[in-house]
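Number of protein chains: 2
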Amino acid sequence: MLRSHTCGELRLSDVGKNVTLAGWVQTSRDFGGLTFIDLRDRYGLTQLAFNVAINANLAEEARKLGREYVIQVVGIVNERSAKNPKMPTGDVEIVVNEIKILNVSKTPPFTIEDNTDGGDELRMKYRYLDLRRTPVRESIILRHKVAQATRAYLNLEEFIEVETPVLIKSTPEGARDFVVPSRMNAGQFYALPQSPQTFKQLLMVAGFDRYYQIVKCFRDEDLRADRQPEFTQIDCEMSFVERKDILDTFEGLIASLFKTVKGVDIGKLPHMSYADAAKYYGNDKPDTRFEMKFVELKNESEGIPLLGRGKEGEVTFKVFDDAELVVGICAKGCANYTRKQIDELTEFVKRPQIGATGLVYARYNDDGTIKSSVDKFYKEDELKKWIVAFGAEKGDLILLMAGGIDKTRKALSELRLEMGTRLGLRDKNKFSCLWVIDFPLLEYNEEEKRWFAMHHPFTAPWPEDIAKLDDEKTRGEVRANAYDMVINGVEVGGGSIRIFDKELQAKMFGVLGFTPEDAQAQFGFLMNAFEFGAPPHGGIAFGFDRLCSLFGGADSIRDFIAFPKNNSGRDVMIDSPSVIDEKQMKELCIKTTV
Amino acid sequence: MLRSHTCGELRLSDVGKNVTLAGWVQTSRDFGGLTFIDLRDRYGLTQLAFNVAINANLAEEARKLGREYVIQVVGIVNERSAKNPKMPTGDVEIVVNEIKILNVSKTPPFTIEDNTDGGDELRMKYRYLDLRRTPVRESIILRHKVAQATRAYLNLEEFIEVETPVLIKSTPEGARDFVVPSRMNAGQFYALPQSPQTFKQLLMVAGFDRYYQIVKCFRDEDLRADRQPEFTQIDCEMSFVERKDILDTFEGLIASLFKTVKGVDIGKLPHMSYADAAKYYGNDKPDTRFEMKFVELKNESEGIPLLGRGKEGEVTFKVFDDAELVVGICAKGCANYTRKQIDELTEFVKRPQIGATGLVYARYNDDGTIKSSVDKFYKEDELKKWIVAFGAEKGDLILLMAGGIDKTRKALSELRLEMGTRLGLRDKNKFSCLWVIDFPLLEYNEEEKRWFAMHHPFTAPWPEDIAKLDDEKTRGEVRANAYDMVINGVEVGGGSIRIFDKELQAKMFGVLGFTPEDAQAQFGFLMNAFEFGAPPHGGIAFGFDRLCSLFGGADSIRDFIAFPKNNSGRDVMIDSPSVIDEKQMKELCIKTTV
């Protein structure tokens with residue numbers, strides 16, 4: 002080794018030792034006769050000391066070292082007179098006797114510090130320098146720890162790590178596949194897996210009983226912020242299980258990760274039905290770090306009558322009268338919001354991403370009066386009913402929205418999160434985990450005029466709902482035996498009990514609009530496998546990048562990926578994708594059409 | 002869970018317990034009033050007992066169960082009267098009270114037994130059934146264990162597991178890339194990595210110090226037996242190291258794997274130079290489970306004179322006289338080989354794959370006489386010199402080949418391995434590991450009339466040899482600071498100390514025939530990174546599939562891969578690659594030309 006110790010390990014007990022260190026010049030401080038250099042490596046920083054009075058040449062050499070130079074030094078560990086309690090090595094310094102420059106460095110295009118002056122594009126172009134910064138390095142090391150802790154737990158639970166293939170078969174169901182032309186099978190293509198779904202099910206058919214893999218998956222989607230074309234999943238599957246077994250096992254995994262990585266006990270996870278999540282949070286991934294649950298004043302489909310139409314001849318509020326749903330939240334202690342603040346919230350919900358038409362408020366003032374933006378339509382005793390319904394206290398602000406059920410819930414959900422943020426209720430160091438269960442099996446797509454699987458086509462319906470599959474009218478009511486794990490409003494994992502019967506799987510493909518021939522061509526291998534003794538099975542997959550960013554308390558997954566791509570799917574560091582040789586395309590029997 | 006216990010865990014101490022098991026019907030044996038079923042899962046087999054006298058209906062039901070049916074049974078653990086000491090559960094059986102058929106099975110196309118009647122193609126088509134067979138399942142479980150043990154060792158050594166990208170950039174150097182058309186960057190392509198080489202070096206530039214990954218790699222090569230288009234590497238890199246540090250660290254890894262997985266101590270690994278491996282084994286991956294080292298009777302380049310040209314006027318053996326190299330092996334105890342056996346060996350070396358022109362032998366008979374196929378050219382006292390050179394004993398057979406150095410060594414290497422096999426010297430349960438070091442940096446390719454990197458373009462030359470790079474005549478003599486780990490004649494891993502200096506890297510690309518512009522376009526990101534304080538670094542990669550097959554005592558890697566591809570790169574189970582939609586190709590801006 003070119004060092005005897007790392008830059009993070011020397012302590013007072015090492016004083017007097019002759020040591021060799023190697024690393025990068027972090028900073029250099031010159032005090033006339035004394036020069037100090039902080040030498041950095043992955044493990045920490047160690048101060049190097051040079052004294053002109055002792056060795057003038059060496060001190061001169063040290064002074065010439067630029068930032069990020071790679072050097073090797075030999076010297077004696079010395080107790081510092083001015084100790085730095087913030088640094089683990091802050092009690093000591095190295096009185097250097099020899100310097101060797103292992104490599105020089107140009108001045109980096111941005112500072113290698115926790116808060117760098119580099120913008121995103123520049124950081125990505127020089128990612129190898131960005132990764133030198135402590136917060137980025139720590140994020141990647143956190144990812145490493147989460148991976149090891151995941152495997153440790155699953156190994157103990159008798160899961161076997163199995164690698165599934167990366168070069169698989171393209172299927173039009175689901176998101177768009179990345180494809181790979183095959184040279185040896187001209188005109189044909191492999192696809193990169195969006196998930197190892199069918200393979201893990203085949204491993205269950207094969208009797209592997211418990212499988213996991215931390216595995217790269219690929220989706221050729223238009224990238225929104227924080228989506229990556231390649232991403233990583235913790236992918237798992239179990240045989241001879243019911244839902245409870247899977248929820249218990251993976252609740253155990255997440256609890257173990259929180260304990261190992263964050264030192265936090267998350268306790269038993271509550272279950273919430275998809276229907277309740279929609280009704281009370283407007284969202285299938287509710288952020289339950291804070292309450293602020295929806296209260297419905299009117300819901301035509303459920304006959305909630307708190308707001309009826311006004312009597313004939315009365316002045317009534319048409320927006321509420323015509324609405325399918327009138328629903329709101331109670332913002333604690335916000336009655337004193339100014340007109341300007343409320344206007345801001347109204348603008349917030351009117352933004353095109355949310356698309357609400359307006360916002361109604363009712364302040365429950367400290368003096369017991371109620372002041373609402375719809376005063377002229379509702380008398381005080383009616384407004385008092387609202388106060389009761391919301392359980393509001395003096396000083397609270399009720400915010401109401403109205404319209405079609407789905408759209409209004411979605412919009413109010415955004416407002417709820419915004420209020421949560423404004424009220425400081427979304428602390429990144431607090432964790433609230435739950436299971437959302439009983440999703441609908443199918444969603445109707447109005448554009449394509451057909452049913453889509455909400456989860457994927459292999460998800461089992463609840464047995465008692467299977468009969469409803471046969472009737473177009475009741476299909477939307479069929480519940481899936483599916484579950485999502487939600488933490489702090491983020492869906493970190495999802496899965497289901499699978500279909501393991503060929504007939505039911507064929508029926509499901511039929512419902513999704515596959516002809517029997519298409520189903521056979523694309524998924525025949527799986528349906529055939531079901532004929533040879535497929536066991537009951539189910540599983541789950543966790544978004545590993547997202548889970549790591551959650552543990553790291555970050556909003557973006559990007560710093561938890563060593564070499565991420567930008568929003569155009571480009572790696573700006575290596576400048577990829579790129580054009581390839583004509584010769585290569587000829588071998589692959591393809592041509593580009595641009 | 003649909004079971005209270007697995008099929009592998011019940012023992013005498015469980016007798017009397019009411020248990021629920023689930024699994025596959027392995028065999029059913031009918032003895033009139035008694036029916037026995039072996040129920041199988043991943044963990045083992047348990048005998049189920051049905052007695053007509055006790056429950057006729059249930060016994061009848063049991064009798065109807067087909068092979069590979071998936072069933073759940075409830076019953077009482079009972080001590081067997083006829084115990085089976087070969088089965089861990091052989092002391093007990095389950096007296097069944099209830100059967101539930103969880104799934105039926107068609108008759109499998111081959112038997113689910115250790116020695117199946119299924120051929121390779123059939124087994125691959127129904128891989129999910131093949132994986133039910135114990136030897137295949139055990140191979141995949143062994144792989145799991147090797148992976149866990151690898152990470153355990155490297156984690157302790159402070160390596161960090163970092164995922165590098167799968168969608169990278171195509172480079173024409175090396176083997177052929179698989180490419181992936183980019184939809185968002187029309188006309189451009191990603192490539193799948195042949196190895197994470199440049200990324201792991203960038204992680205060293207980033208200061209990660211110690212990196213590893215068990216990672217899929219891809220090579221679009223014409224598949225020879227036992228090559229897979231996607232394969233897995235244990236990929237590692239370290240900073241601030243010299244060769245010794247890497248050899249020590251990874252010798253430690255392999256020793257730890259042997260200890261954990263095989264319970265074997267492999268001891269300290271010997272080092273052998275590439276030159277010695279070539280000279281004594283004809284091969285850069287010598288199988289050192291047995292000696293049988295090459296002995297040269299004549300080597301014109303080294304002036305080894307044991308066989309000179311005959312004196313003028315003498316009868317001489319032209320084949321030896323004209324040869325650059327006359328070299329042989331001594332097969333212990335084979336002097337009694339029959340003419341037929343020797344003819345077989347001659348045919349063996351004359352096969353086109355080996356391409357030798359012939360084989361000369363000399364028997365050192367038990368009575369002390371020497372009998373050679375070239376008796377008429379060499380007198381007995383000359384033959385006696387051979388005996389001495391080979392250290393042959395009475396009863397041994399000397400086998401000689403002659404011709405150009407490289408070709409002759411290669412051919413004799415094959416013969417040596419063949420003799421090792423015939424003499425039972427290549428025991429799969431014996432392991433002989435070594436490092437082969439000091440490879441040449443460059444190889445000249447006569448066809449393309451240019452130099453190629455023997456390892457890859459990032460391998461550092463020995464510093465004292467760098468000057469030789471400038472002269473075309475001495476380039477072939479430049480030694481690489483590279484090393485391979487060889488076990489039982491298989492190269493299981495290889496690596497090198499890397500170039501970390503931009504100028505030397507640029508020179509290396511120049512030697513390999515890159516224009517400065519090409520080098521910059523393809524590897525500019527790495528060379529630029531070297532300008533910002535790249536540390537000295539080096540690494541290694543192990544072929545994970547091969548390593549697992551070695552531990553498993555198998556010749557083929559195929560059963561150590563859950564879902565392998567065949568020699569045409571096809572997955573015959575999922576029938577991939579396949580054609581894709583016109584629409585998809587249009588989105589990708591590509592066309593096929595077939």
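So the sequence lines, in the order shown, correspond to chains A and R. Just so you know, the first sequence maps onto residues 2 to 595 in the working numbering. Just so you know, the second sequence maps onto residues 2 to 595 in the working numbering. Virtual Cβ for every residue (Gly too), placed ideally from N, Cα, C.
Residue i, DSSP secondary structure in three states
i, result
"Phe-543(R)", "strand"
"Trp-452(R)", "strand"
"Asn-116(A)", "coil"
"His-264(R)", "Here residue 264(R) turns out to be Gly, not His, going by the sequence shown. Coil."
"Val-53(A)", "coil"
"Lys-566(R)", "coil"
"Trp-436(A)", "strand"
"Met-586(R)", "helix"
"Thr-47(R)", "strand"
"Thr-108(A)", "coil"
"Lys-372(A)", "strand"
"Glu-419(R)", "helix"
"Met-125(A)", "helix"
"Leu-326(A)", "strand"
Whether residue i touches residue j by CB criterion (8 Å)
i, j, result
"Ile-38(A)", "Ala-60(A)", "no"
"Asp-582(A)", "Gln-229(A)", "no"
"Glu-381(A)", "Ile-371(A)", "yes"
"Gly-490(A)", "Lys-286(A)", "yes"
"Asn-284(R)", "Ser-414(R)", "yes"
"Arg-211(A)", "Gln-195(A)", "no"
"Val-479(A)", "Asp-471(A)", "no"
"Ile-247(R)", "Gly-496(R)", "yes"
"Phe-241(R)", "Arg-134(A)", "no"
"Tyr-275(R)", "Lys-294(R)", "no"
"Gln-149(R)", "Ala-542(R)", "no"
"Phe-291(R)", "Val-375(R)", "no"
Buried versus exposed call for residue i [16 or more other C-beta atoms within 10 Å across all chains shown]
i, result
"Gln-354(A)", "exposed"
"Pro-517(R)", "exposed"
"Gly-76(R)", "buried"
"Val-595(R)", "exposed"
"Arg-12(A)", "exposed"
"Gly-494(R)", "buried"
"Ser-14(R)", "exposed"
"Glu-394(A)", "exposed"
"Glu-447(R)", "exposed"
"Gln-48(A)", "buried"
"Thr-339(A)", "exposed"
Endpoints, the alpha helix (DSSP H) within which residue i is located
i, result
"Ile-343(R)", "340-351"
"Val-320(A)", "319-323"
"Thr-21(R)", "Counting along the chain, Thr-21(R) falls outside any alpha helix (DSSP H), though it belongs to the beta strand (DSSP E) covering 19-32."
"Glu-69(A)", "Glu-69(A) -> no alpha helix (DSSP H), and no H or E assigned at all."
8 Å Cβ cutoff, residue i in contact with chain B
i, result
"Asp-42(A)", "Absent from the structure: chain B. Protein chains present are A and R."
Limits of the beta strand (DSSP E) - the one that residue i falls within
i, result
"Val-593(A)", "Note on residue identity: the sequence assigns Thr, not Val, to residue 593(A). Where Thr-593(A) is concerned, the enclosing beta strand (DSSP E) stretches over 591-593."
"Val-12(A)", "The residue asked about is misnamed: residue 12(A) is Arg in this sequence, not Val. Looking at the DSSP string, Arg-12(A) is not in any beta strand (DSSP E), and its letter there is neither H nor E."
"Gly-91(A)", "First-last for Gly-91(A): undefined, no H or E at that position."
Cβ-heavy atom distance, residue i to the ligand ADP, below 7 Å
i, result
"Tyr-338(R)", "Because no ligand of any kind appears in the structure shown, any question about the ligand ADP cannot be addressed here."
Exercise. What beta strand (DSSP E) runs, 3 residues minimum, are completely inside the region 274-305 of chain R?
Worked result: 296-300
Exercise. Which runs of the alpha helix (DSSP H) spanning at least 4 residues fall entirely within the region 134-216 of chain A, listed in chain order?
Worked result: 135-157, 198-206
Exercise. Enumerated in chain order, which unbroken segments of the alpha helix (DSSP H) with a length of 4 residues or greater are wholly contained in the region 505-560 of chain R?
Worked result: 517-530, 545-552
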